[in-house]
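Here's the structure we're looking at; comments come further down.
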Amino acid sequence: MSIEEKVERFARQVIRHHGFRLNEGFACLVPDTKSYAPNEGLFLWVFSVRRKRFETRLEKFHLAPRIKRMENMLGLPEQEYSKLYVSIESYMESLKNIGFSDIGKGVDLFCKGKLYNLQADAELFENNLEALKKLEELTIKNPIVDFAEDCGYFKVKNKKTLVWDEVFGTKSTTAGGQHKKASPKHKSRMFTRTPLSDKLKRLATQQPVLMPDWEKKQAVWIKQIKEVYKKVELWLSEHVKSGYITLSTHKVVLSDSINGDYEVTSLELDIVGEHQVVFQPVEMNILDAVGRVDLQHRGSNAHNVMLLLVDKGKNQFGWTLWKSLNEERQPFNKGTLEALLNQWIGD
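Residue numbers (this note's numbering): 1175 to 1521.
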């Protein structure tokens, strides 16, 4: 088994063993309470299967839906929630001490200061397995987790037992049943950090050679959002003409961990009876999909589903509706939309 495969397996086990939430992708996150979508929470790190590396997702902490979620879930207004900045900054510095390095253009988090997302390639751990142990220890004990535990909605499981000990430590055994020692700790030159090396790594991630592919994907994502809004307008046209539903769009700024901020639009449905339903774009490249849009019934914590943009191949795309991890995805069409709205405004 390659070091990349070992690290990926280790990452999955850490998430499960300590009670964090594993979503497709996959990410280690402090999960929201059970009344909310099963794949949402405070993101600690993501293991990118494609890139074979750990990455952070700072932008997820200050997206509008996240800020609103913390207020609805914990009664924390934005001003109080934004105080988490200090905890996030401390956590990121601890990741750097393990060997993580800067990527991307930086995120102006809560308008309090620019922080850079971090990454660590799986191959970097080949001669420094102790760094993986430190990562697990940091994952289960850090200021962000402390915040969630202090708020009383999350508690780390199995704090006294580490996955690292089973996978890489003295408890690991070979196929023949013999105990195998952990790999000797070597100082890897790839983990040596200096201000110059950090800057060079960050600049390398910003090179324009990577941009055309990303820009193409982003253009598809934005185009498909506009097209699905046009379909929604067509599907609901009779209700709009009758004055029962009013549609409006609003500009939204999303943040990409590598390429920074970009602009899309949200769609709001104002429905008779003081109901408001919002199509809120969230992010690209999530859950094995091109992108994700949250469909929310404002004022109801239970009414929140996801629309996933799926690449069907040959430049064909489609939207699927996903209510929860326990349910199958459905094609998103006029029938499923009307059924959903009928259910929501009837509750």
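Backbone N, C-alpha and C fix where the C-beta goes; we use that ideal spot for every residue, glycine too.
Could you name the residues of the same chain whose beta carbon sits closer than 8 Å to that of residue i, not counting the 5 residues immediately before and after it, in chain order?
i: E1407; result: V1414, L1421
i: L1336; result: K1307, E1310, E1311, G1343
i: E1182; result: F1221, V1223, K1226, A1296
i: L1370; result: none
i: Y1418; result: I1445, V1446
i: E1178; result: K1226, A1296, E1297
i: T1423; result: Y1403, T1439, S1440, L1441, E1442
Nearest CA to the CA of residue i: which residue from the options?
i: N1119; options: Q1187, E1179, E1304; result: The chain is shown from 1175 up to 1521; residue 1119 falls before or after that span and cannot be answered.
i: A1322; options: P1455, H1449, L1203, H1471; result: L1203
i: K1288; options: E1300, L1410, E1304, V1260; result: V1260
i: L1443; options: E1502, L1511, Q1504, C1285; result: L1511
i: K1497; options: V1467, N1489, K1486, F1491; result: V1467
i: G1280; options: E1304, L1303, T1230, C1325; result: T1230
i: L1481; options: F1194, W1493, E1254; result: W1493
i: Y1210; options: F1274, H1192, D1324, H1477; result: H1477
i: A1294; options: W1388, G1273, D1339; result: G1273
i: G1278; options: Q1490, L1469, D1435, F1491; result: D1435
i: F1491; options: V1394, R1195, I1241, D1339; result: V1394
i: N1489; options: I1460, L1469, K1390; result: K1390
Just list the residues that DSSP pairs residue i with in beta bridges.
i: F1455; result: Per the sequence shown, the amino acid found at residue 1455 is Pro instead of Phe. DSSP, once it has assigned bridges, lists V1467 as partnering P1455.
i: I1419; result: I1445
i: C1285; result: Partner(s): none; C1285 has no beta bridge.
i: H1424; result: S1440
i: F1204; result: It is worth fixing the name first, because residue 1204 is Val in this sequence and not Phe. Looking at the DSSP assignment, V1204 forms a beta bridge with L1216.
i: F1228; result: F1221, A1294
i: V1484; result: G1492
i: V1479; result: L1469
i: I1277; result: N1291
i: I1460; result: A1463
i: D1435; result: S1429
Cβ atoms of residue j and residue i: under 8 Å apart, would you say?
i: A1463; j: V1484; result: yes
i: K1270; j: L1292; result: yes
i: Q1398; j: M1458; result: no
i: R1503; j: L1515; result: no
i: D1206; j: M1247; result: yes
i: E1245; j: P1239; result: no
Below 8 Å on the Cβ atoms is my contact criterion, and I expect residue i with residue j to pass it. Report the Cβ-Cβ distance as a whole number of Å.
i: R1190; j: E1214; result: Incorrect: roughly 18 Å between the Cβ atoms, too far for contact.
i: I1519; j: I1445; result: 6 Å
i: I1126; j: Y1265; result: Shown here, the chain extends from 1175 to 1521; a query on residue 1126 therefore has no answer.
i: A1201; j: F1217; result: 6 Å
i: G1193; j: V1341; result: Contact doesn't hold; Cβ gap of about 18 Å is too wide.
i: S1268; j: N1316; result: 7 Å
Going along the chain, which residues of its own chain have a beta-carbon closer than 7 Å to the beta-carbon of residue i, five neighbours each way excluded?
i: K1400; result: none
i: R1472; result: Q1450, V1452
i: V1438; result: I1396, I1399, V1426, L1428, P1455
i: L1283; result: L1232, F1235, H1236, Y1259, I1262, L1289
i: K1508; result: W1409
i: F1506; result: L1481, W1493, T1494, L1495
Cutting at 6 Å between CB atoms, please list the residues of its own chain near residue i, excluding the five before and the five after it.
i: F1328; result: V1204, A1322
i: K1180; result: none
i: Y1403; result: L1441
i: K1405; result: none
i: E1412; result: none
Is the shortest distance between the beta-carbon of residue i and the beta-carbons of chain D less than 8 Å?
i: G1487; result: Checking the listed chains, one finds no chain D in this structure; it contains a single protein chain.
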